[in-house]
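Per full-length UniProt numbering, the sequence shown starts with residue 1, numbered consecutively.
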Amino acid sequence: MAKLLSCVLGPRLYKIYRERDSERAPSGVSETPTSVTTHPSSSWASVFWSISYYSSPFAFFYLYRKGYLSLSKVVPFSHYAGTLLLLLAGVACLRGIGRWTNPQYRQFITILEATHRNQSSENKRQLANYNFDFRSWPVDFHWEEPSSRKESRGGPSRRGVALLRPEPLHRGTADTLLNRVKKLPCQITSFLVAHTLGRRMLYPGSVYLLQKALMPVLLQGQARLVEECNGRRAKLLACDGNEIDTMFVDRRGTAEPQGQKLVICCEGNAGFYEVGCVSTPLEAGYSVLGWNHPGFAGSTGVPFPQNEANAMDVVVQFAVHRLGFQPQDIIIYAWSIGGFTATWAAMSYPDISAVILDASFDDLVPLALKVMPDSWRGLVTRTVRQHLNLNNAEQLCRYQGPVLLIRRTKDEIITTTVPEDIMSNRGNDLLLKLLQHRYPRVMAEEGLRVVKQWLEASSQLEEASIYSRWEVEEDWCLSVLRSYQAEHGPDFPWSVGEDMSADGRRQLALFLAQKHLHNFEATHCTPLPVQNFQMPWHL
C-alpha cells in the first residue's frame, strides 16, 4: 500500500538512460512507457493550469462585470468545480496504478526513496540513470557546505551575495519623508513593471509555456550530455533557497591537457545548458560545468539579478569545494545576457583564470530603451536601475585577469539601431570601458579615436588596413607593457603611456584593442565554432 501511494505521489519519469558501461548499441536505449513518462492528461492539465494562472485576473474581472460572482451563482459553480477536482483525483489514481504495475517505475521510486534516506555514492550512481521531475531530485551541494563559509562573516547571507548598487539618479537631494512619499508611486510602478512584463521580456526562457514547448529538445540534450559525454547532473541549493540545475562533464582523465581546466558556462536569456553554449568548450576538450538560470527548466526561482548572482556563487563554490578545481583552473565563458553572472563571478572571485564574453554588452539600459517607446524613457531607466541592473562593464572593471570579448558583426540583438550598424553594437562600449579603466593614459584622446576607427571595421581586411596604416609594432608594444609590469606590478589601472608620444599611444591602443576583442562574422544566436573559442591574451 505504501508503494502504491509513492507511485501516486511520485515524480514524473521522463527517460531511463542506457547503462554507461554497457556495450549495448545506442538503438538499445531503454525508454519508459508512455504511461510512466508523460501521461497525456497530466501534461494537458499542467498547460491548462499555466494558462489559467496568467489569465485569472482577466477572468475574475469578466465574471465580476457579468455578475457571476454573486452567492446564488457561486454555489452551483462550486459543484462543477468539485466534480472537476474529483475527476482529476481519479486520473491521478489511475496514473498511480499504472506506475505501480510498471516494474521500471517501481524500481525507480525505490532507488529515489533510498537516495533521499541515504545519499551514498552507490545510490546516487543508480539515480543518475533516470531523468525525472527535478523537483524531486535530492540536493547534492548546499551553499553553506564549505567550512570557510560557516566560519567567515564576510560570506553571503540568506538575503544574498553582494552586488554593486547603482548611484542615486538625483545625487545631493535630501532624502526626506516628503521626497520618499513623492517617489512612492514611481517606485510601485517600476516594481510592477519589473515583476510582470519586464522580467519575462528580459528572460523569456523563464516563461513556462516556452519551456513546455522546448521540453522534447531539452530532454534530448540532457540525454546526449549524460550518455555520450558521461555528464553528471547535480542540484545545488543557493543562499536564497533556489535550487540550481547543473551538469558537469569531467575531462580530467583524458590525454588532452585542456581537460584539466574547467569552463563554467553562463547561458543567454533563452538558453539552457542542455542545448546552449556548453557545446563549444566540450568540443574543444575542456571540462565543462553548465547551469540553468533560476526559473529555467530544473532550476527554481525567478531570474532577477540578485538571484542570478546567488546562483552563480553556489555554482563556483560547487566547482571549487566539491569538484576539486582551483580558481586558477577555472574559466568563465558567457554568451549574451550570461555576461552579467560571468562578470559578477570575475569580480567576486578574482583568482579565476580568465573570462570570455561572447555577444555580450556593457549595460542593459540602452538596449531596454531601444525596444520601448521614447515616452517611457524615465520609467524604463528607473525600472532597470532599481530591479534589473545588469551592469556588466562596471563589474568587469573590478577584475584583474585576462579578458576576451567576442563581437558578432551581424548581431541583431545587442545593437541599438540595425545589425548593419556595427558601431551601435554594445560590445564596443564594453571594450572601451574596459580599456579606459585598465589603460587610462593610453586611451586618451588619440588612443580612443583610433580604437573607434578600428571598431568601425566590419571585416578582417578592413581591420588589417587600419592596423597597418598606423604601423603597429607588436614587439615594441609588448616590450613597453612588460617593462611597466615588471616595474609597477600587474594591478590595474596602469599609468603606462603617460610620457609617450601620440603615435606611441595610438599603437598601444590598437594593439590592446586587437588583443581584447575578436570579431566573429555571424548573427547573435549562431553557435560559436570551436576554432573561435580561444583563451584570452595575457602578458
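Don't be surprised by glycine CBs; every beta carbon is placed ideally from N, CA and C. Given the structure is predicted, the values throughout are model-derived calculations rather than measurements.
- prompt: Which value, in whole angstroms, describes the spacing of the CA atoms of T416 and L367?
  reply: 6 Å
- prompt: Distance, Cα to Cα, N532 vs V288?
  reply: 17 Å
query: Within the chosen definition, does the region 343 to 360 reach the region 392 to 407 through at least 3 CB pairs nearer than 8 Å?
result: yes
query: Which of helix, strand or coil does DSSP assign to C239?
result: coil
Buried or exposed by the 16-neighbour rule on C-beta atoms within 10 Å, applied to P305: buried
- request: Check whether the region 460 to 468 touches the region 510 to 525, counting contact only when three or more Cβ pairs, one atom from each stretch, lie closer than 8 Å.
  value: yes
query: Nearest-angstrom Cα distance between S22 and E227?
result: Legend: pLDDT at S22 = 41, less than 50; position of this residue unreliable, value from coordinates given subsequently. Rounded to whole angstroms, S22 to E227 spans 11 Å at the Cα level.
message: Would D245 and F132 qualify as a contact pair, given that the criterion is a beta-carbon distance under 7 Å?
response: The Cβ atoms of D245 and F132 lie no closer than 7 Å to each other.
query: Are the CB atoms of C277 and W335 nearer to each other than 7 Å?
result: yes
- request: Would you identify the three-state DSSP class for N131, choosing helix, strand or coil?
  value: strand
task: With distances taken Cα to Cα, identify the nearest neighbour of S348 among G401, R377, T383, H437.
output: G401
task: Can you tell me the Cβ-Cβ gap for M247 and L218, rounded? I've got them flagged as a contact below 8 Å.
output: No, M247 and L218 are not in contact; Cβ-Cβ is about 11 Å, not under 8 Å.
Nearest-angstrom beta carbon gap, V365 and T381 [assumed within contact, 8 Å]: Rounded, the Cβ-Cβ distance is 6 Å, consistent with contact.
query: T189 to R180, Cα distance in whole Å?
result: Rounded to whole angstroms, the separation of the alpha carbons of R180 and T189 is 14 Å.
Option nearest P350 by Cα separation, candidates A89, V530, C397: C397
message: Per the DSSP calculation, C266 is bridged to which residue(s)?
response: A334
query: Between the region 200 to 207 and the region 246 to 263, do at least 3 Cβ pairs fall closer than 8 Å?
result: no
- prompt: Is the beta carbon of W143 sitting closer than 7 Å to the one on V314?
  reply: yes
- prompt: On the premise that A309 lies in contact with T341, defined as a C-beta separation below 8 Å, what is that separation, rounded to the nearest angstrom?
  reply: That belief holds up - the Cβ atoms of T341 and A309 are roughly 7 Å apart, short of 8 Å.
task: State whether the region 9 to 17 contacts the region 101 to 115, with contact taken as three or more CB pairs (one from each stretch) at a distance under 8 Å.
output: yes
field: Exposed unless 16 or more other CB atoms sit within 10 angstroms - verdict on M443
entry: buried
- request: Could you give the DSSP three-state label for N118: helix, strand or coil?
  value: coil
message: Nearest by alpha-carbon distance to W291: which of G285, I414, E283, V263 is it?
response: V263
field: Minimum C-alpha distance to S458 - residue among T300, A522, E446
entry: A522
query: Just curious, the beta strand (DSSP E) that V207 is in, first and last residue?
result: Segment: none, V207 is in no beta strand (DSSP E) and carries neither H nor E.
task: Determine the direct distance from the alpha carbon of E243 to that of A234, and round the result to whole angstroms.
output: Distance between the alpha carbons of A234 and E243: 10 Å.
field: When A194, F141, P294, R159 are compared against Q211, the one with the closest alpha-carbon
entry: Per the Cα distances, P294.
message: Quick check on the burial criterion: 16 or more other C-beta atoms within 10 angstroms. Buried or exposed for N182?
response: As written in the sequence, residue 182 is Lys, which differs from the Asn given in the question. Exposed.
task: Confirm, please, whether the CB-CB distance from Y399 to A346 is below 7 Å.
output: yes
query: Which residues does DSSP pair with G288 in a beta bridge?
result: First, the residue type needs correcting, since residue 288 is Val and not Gly in the sequence shown. Paired residues: V249, V263.
- prompt: When the Cα atoms are used, what is the spatial distance from E31 to R322?
  reply: For E31, the predicted model reports a pLDDT of 41, less than 50, meaning its position is unreliable and no value from the coordinates is stated.
Cβ neighbour criterion (16 or more within 10 Å) applied to A284: That one is buried.
query: What do you get for V496, buried or exposed, if any count of 16 or more other CB atoms within 10 angstroms of its CB means buried?
result: buried
message: On a Cα-Cα basis, can you pick out the residue from V275, D363, R441 that is closest to E498?
response: R441
task: Tell me whether the beta-carbon of C239 lies closer than 7 Å to the beta-carbon of P156.
output: yes
- prompt: Do the CB positions of E463 and M423 come within less than 7 Å of each other?
  reply: no
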